[in-house]
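Just so you know, the sequence shown maps onto residues 45 to 118 in my numbering. Below: the structure, in structure tokens.
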Amino acid sequence: MTDAEPTYEEARDELVQIVAKLEAGGTTLEDSLAMWQRGEELAALCERYLEGARERLDAASQQDAPSQQNSQSE
């Protein structure tokens, strides 16, 4: 992987893979801790993406609200 930040989908997919590996077991404690740490980073990244999407949806809803009220009152 490059130094560029992964997309939401890439981060989610990598997180799913990490969870599956951790659930399967069979890794050393050190490897498990490294995977857990990476998983935490990916989860935080996904949360930021989702928070940004939520803000954009809220902003779009607020912009549409006045025009919807005007069309309903006419």
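Cβ atoms here follow ideal geometry from the backbone N, Cα and C, with glycine treated the same way. Remember, predicted model here, so these are calculated numbers, not experimental data.
What distance in whole Å lies between the Cβ atoms of residue j and residue i, which are believed to be in contact at a cut-off of 8 Å?
i: residue 71; j: residue 65; result: 7 Å
Using only alpha-carbon positions, find the residue among the options that is nearest to residue i.
i: residue 94; options: 52, 81 and 60; result: 52
i: residue 49; options: 61, 90, 69 and 80; result: 90
i: residue 79; options: 92, 68 and 63; result: 63
i: residue 55; options: 108, 82 and 99; result: 82
Just to confirm before moving on: does the CB-CB distance between residue i and residue j stay below 8 Å?
i: residue 88; j: residue 59; result: no
Just verifying my parser: in three-state terms, what is the DSSP assignment at residue i?
i: residue 110; result: helix
i: residue 70; result: coil
i: residue 45; result: In this prediction, residue 45 has a pLDDT of 46, which is less than 50 and means its spatial position is unreliable; nothing more can be read from the coordinates.
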